[in-house]
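Novice: Numbered per the working numbering, the sequence shown spans residues 4 to 404.
Each residue gets a CB set at the ideal place from its N, CA and C atoms; glycine is no exception.
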Amino acid sequence: MVLAVTGCEALYADMGHFGARAIRWGWLFVAFPALLLNYFGQGALLLMHPEAAPILFFAMVPDWAHYPMVALATLATIIASQAVISGVYSITRQAVQLGQLPRMEIRHTSATEMGQIYVPRINAMLCVGVVLIVLIFKSSDALATAYGIAVTGVMVISTLLVGVVAIHRWNWGRPAVYAVFGLLGLIDLAFLASNGLKIAEGGWLPLVVAGATFVVMDTWRIGRRIHLDAMRDNSLALDLFLDRADKFSQRIAGTAVFLSPRLDVVPNPLLHSIKHYKVLHERVVICAVTVADTPHVSNAKRVTVDKLGKGFFAVRISYGFFETPDIPQALVLARNQGLALEPDATTYFLGRETLVPGEQPSMKSWRVGLYMWLASNALAPARFFHLPPGRVVELGTRVSI
């Protein structure tokens, strides 16, 4: 029963790449009838020939079709693995966009389909993980126990999350949610409990992987918040800076774009630029990138420009969690709001923070070390935001966490 349900699980892992309609049609008219006939056929064969139980699937075909069926099963396994890999790529990109994982390189493999991506770092991790799993379990029978825990655990979590969505997004009444998803949850919990008996036989693996992933994501989320708070505490309010902007620096031709997580404080690279160069550009753009709680953001809502006076602009760029940021491309849309940037006269200033443990760390020492390692291996902002390499200036600063 669990294997039958996972046919649908594997299908909707590709929903972001092919759309909901293709997944529905593929399930209703191809996968579901095929699974139904297959399992009914296996059940009928088992009733007639109980001795065929160890090789039930392959016993359904004549002897001459044995090896072709092995080849077909191998191809089906490869296709299913591709669906899982695509799902991992999509979830990783969304986690990066939502600030739950460090920045990673994300390559688009299609000029027309936005969802078709490749994440080299995740692909390498999957390769190492698969090899280790094969070495640990050595057979598909031993791996089945780990598979059962993983699948039934996902089913329980999915039911819980859909119930939350039904309350907060679909505006269902709580009694209806409890009745519908409570019943489904009981079924899922029954499956999980039955597989829980095999945790010691290999079911521990998905639990360990899930726990390690949660620790990494939770450490990055907490550490990133502490990191940004530390930078904010050492920042100068933007309105105070604007009051004195004309008094301590000269203006030069061109446009300077400073990336900042907030628009109410002065970015550290701007303060360091004034400290070292003693000048300000003719136009200074403070740019913040935010991620909406929707998969996509339309171009009409992509960019918001506020004119602050004295040649300063505050620009907020919004992306959906299923999109890849491209700041130069987004800034082209600012022309409609009175901010026209010339690519050859625009310089992007970034901050490169050197993280050090504080005297009184806000996290446990092992979490601080883990966060510093994650931050050091994160993709450079210039590559993540697709900034032109020849127009980027990085200014270093020291941050205690």
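Under DSSP, the beta strand (DSSP E) around K310 begins and ends at which residues?
Specialist: As a position in the sequence shown, residue 310 is number 307, starting the count at 1. Start and end: 306-312.
Novice: Does DSSP put H111 in a helix, a strand or coil?
Specialist: Position 108 of the sequence shown, counting from 1, holds the residue named residue 111. Looking at H111 - three-state DSSP - the assignment turns out to be strand.
Novice: Output yes or no for whether 8 Å exceeds the beta carbon distance between M63 and L48.
Specialist: Within the sequence shown, numbered from 1, the residue matching residue 63 stands at position 60. Within the sequence shown, numbered from 1, the residue matching residue 48 stands at position 45. A contact, by the Cβ cut-off of 8 Å.
Novice: If we ignore side chains and look at the alpha-carbon of each, how far apart do K304 and S321 end up?
Specialist: Translated into positions along the sequence shown, residue 304 becomes position 301. Translated into positions along the sequence shown, residue 321 becomes position 318. Roughly 7 Å between the two C-alpha positions.
Novice: With DSSP collapsed to three states, give me the class of L334.
Specialist: In the sequence shown, counting from the first residue as 1, residue 334 sits at position 331. L334: helix per DSSP, three-state reduction.
Novice: Is D191 buried or exposed, if buried means 16 or more other CB atoms sit within 10 Å of its CB?
Specialist: For the purposes of this step, residue 191 is identified with residue 188 of the sequence shown, where counting begins at 1. Buried, by the Cβ-count rule.
Novice: Within a Cβ cutoff of 6 Å, which residues of the same chain sit near I109, ignoring the five residues on either side of it in sequence?
Specialist: Along the sequence shown, read from residue 1 onward, the residue named residue 109 stands at position 106. Only residues of its own chain outside the window of five on either side were considered, and among them R96, I120, V122, T327 have a CB closer than 6 Å to the CB of I109, listed in chain order.
Novice: My assumption, with CB atoms under 8 Å, is that S379 sits in contact with I229. Please give the rounded CB distance.
Specialist: Position 376 of the sequence shown, counting from 1, holds the residue named residue 379. Position 226 of the sequence shown, counting from 1, holds the residue named residue 229. About 16 Å; that fails the 8 Å criterion.
Novice: Please state whether DSSP places H299 in a helix, a strand or coil.
Specialist: Looking up residue 299 in the sequence shown gives position 296. Note: H299 maps to coil in three-state DSSP.
Novice: Name the two residues that bound the continuous beta strand (DSSP E) containing G399.
Specialist: As a working mapping, residue 399 is identified with position 396 in the sequence shown. Residues 395-403.
Novice: Excluding the 5 residues preceding and the 5 following G341 in the sequence, name in chain order all residues of the same chain whose CB lies nearer than 8 Å to its CB.
Specialist: Position 338 of the sequence shown, counted from the start, is the residue given in the question as residue 341. Closer than 8 Å at Cβ, skipping near neighbours: V308, K310.
Novice: Find out if the Cβ-Cβ distance for the pair T400, H275 is shorter than 8 Å.
Specialist: Walking along the sequence shown from the start, residue 400 turns up at place 397. Walking along the sequence shown from the start, residue 275 turns up at place 272. Cβ atoms of T400 and H275: closer than 8 Å.
Novice: Mind pulling the beta strand (DSSP E) runs of 3 or more residues that sit fully within the region 106-193?
Specialist: Complete beta strand (DSSP E) runs here, min 3: none at all.
Novice: In chain order, what residues of the same chain lie with their CB nearer than 6 Å to the CB of L273, ignoring the 5 residues before and after it?
Specialist: Taking the first residue of the sequence shown as 1, we reach residue 273 at position 270. Closer than 6 Å at Cβ, skipping near neighbours: F261.
Novice: What span of residues does the beta strand (DSSP E) with Q363 cover, start to end?
Specialist: Taking the first residue of the sequence shown as position 1, residue 363 is located at position 360. In the DSSP annotation of this structure, Q363 is not part of any beta strand (DSSP E), being labelled neither H nor E.
Novice: Around the Cβ of I160, are there at least 16 other Cβ atoms within 10 angstroms (buried) or fewer (exposed)?
Specialist: What you label residue 160 is simply residue 157 of the sequence shown in a count that begins at 1. By the neighbour-count rule (16 or more Cβ atoms within 10 Å), I160 is not buried but exposed.
Novice: Please report the Cβ distance between I404 and G361, rounded to the nearest whole angstrom; I am assuming they are in contact, meaning their Cβ atoms lie under 8 Å.
Specialist: One-based indexing of the sequence shown puts residue 404 at position 401. One-based indexing of the sequence shown puts residue 361 at position 358. Between G361 and I404 the Cβ distance is about 6 Å, and since that is below 8 Å, they are a contact.
Novice: On the three-state DSSP scale, how would you describe S238?
Specialist: One-based indexing of the sequence shown puts residue 238 at position 235. Coil.
Novice: Sorted by chain position, which residues of the same chain lie with C-beta nearer than 6 Å to S263's C-beta, five sequence neighbours on each side aside?
Specialist: Here residue 263 is taken as the residue at index 260 of the sequence shown, counted from 1. So the qualifying residues of the chain are P270, I289, A291.
Novice: Apply the 10 Å Cβ neighbour rule to N126 and answer buried if 16 or more other Cβ atoms are within range, or exposed otherwise.
Specialist: As a working mapping, residue 126 is identified with position 123 in the sequence shown. Looking at its Cβ environment, which holds fewer than 16 other Cβ atoms inside 10 Å, N126 is exposed.
Novice: Pick out the complete beta strand (DSSP E) segments inside the region 29-80, 3 residues or longer, and give them in chain order.
Specialist: none
Novice: Could you pull the start and end residues of the alpha helix (DSSP H) that A381 belongs to?
Specialist: For the purposes of this step, residue 381 is taken as the residue at position 378 of the sequence shown. That residue, A381, is in no alpha helix (DSSP H); it is neither H nor E in DSSP.
Novice: May I ask you to verify whether the region 182-190 touches the region 220-228, counting CB pairs closer than 8 Å and requiring at least 3?
Specialist: no
Novice: Span of the alpha helix (DSSP H) holding S276?
Specialist: Here residue 276 is taken as the residue at index 273 of the sequence shown, counted from 1. Segment 271-280, the alpha helix (DSSP H) holding S276.
Novice: Assuming L353 contacts V395 under a Cβ cut-off of 8 Å, what Cβ separation, rounded to an integer in Å, is found between them?
Specialist: Working through the sequence shown from its first residue, we reach residue 353 at position 350. Working through the sequence shown from its first residue, we reach residue 395 at position 392. About 6 Å separates the two Cβ atoms, so the contact holds.
Novice: Quick check: what's the CA-CA separation for L382 versus R106?
Specialist: As a first step, residue 382 must be located in the sequence shown, where it is residue number 379. As a first step, residue 106 must be located in the sequence shown, where it is residue number 103. Distance between the alpha carbons of L382 and R106 is about 5 Å.
Novice: Going by DSSP, what residue range makes up the beta strand (DSSP E) through L104?
Specialist: The residue labelled residue 104 in the question sits at position 101 within the sequence shown. No beta strand (DSSP E) holds L104; DSSP gives it neither H nor E.
Novice: Going by other Cβ atoms of all chains shown within 10 Å of its Cβ, with 16 needed for buried, is Q100 buried or exposed?
Specialist: Working through the sequence shown from its first residue, we reach residue 100 at position 97. By the neighbour-count rule (16 or more Cβ atoms within 10 Å), Q100 is buried.
Novice: How would you call V71, buried or exposed, if buried means at least 16 neighbouring beta carbons within 10 angstroms?
Specialist: Position 68 of the sequence shown, counted from the start, is the residue given in the question as residue 71. Checking the displayed sequence, the identity of residue 71 turns out to be Pro instead of Val. Classification for P71: exposed.
Novice: Sorry if obvious, but does the Cβ on L104 come closer than 7 Å to a heavy atom of the ligand SAH?
Specialist: Here there are no bound small molecules, and the ligand SAH is not part of this structure.
Novice: According to DSSP, which residues form a beta bridge with I255?
Specialist: As a first step, residue 255 is located in the sequence shown; it is residue number 252 there, counting from the start. BP columns for I255 point to H284.
Novice: Can you tell me the Cα-Cα spacing of Q253 and S238, whole angstroms?
Specialist: Locating residue 253 in the sequence shown gives position 250, counting from the first residue. Locating residue 238 in the sequence shown gives position 235, counting from the first residue. In a straight line, the C-alpha of Q253 is about 22 Å away from that of S238.
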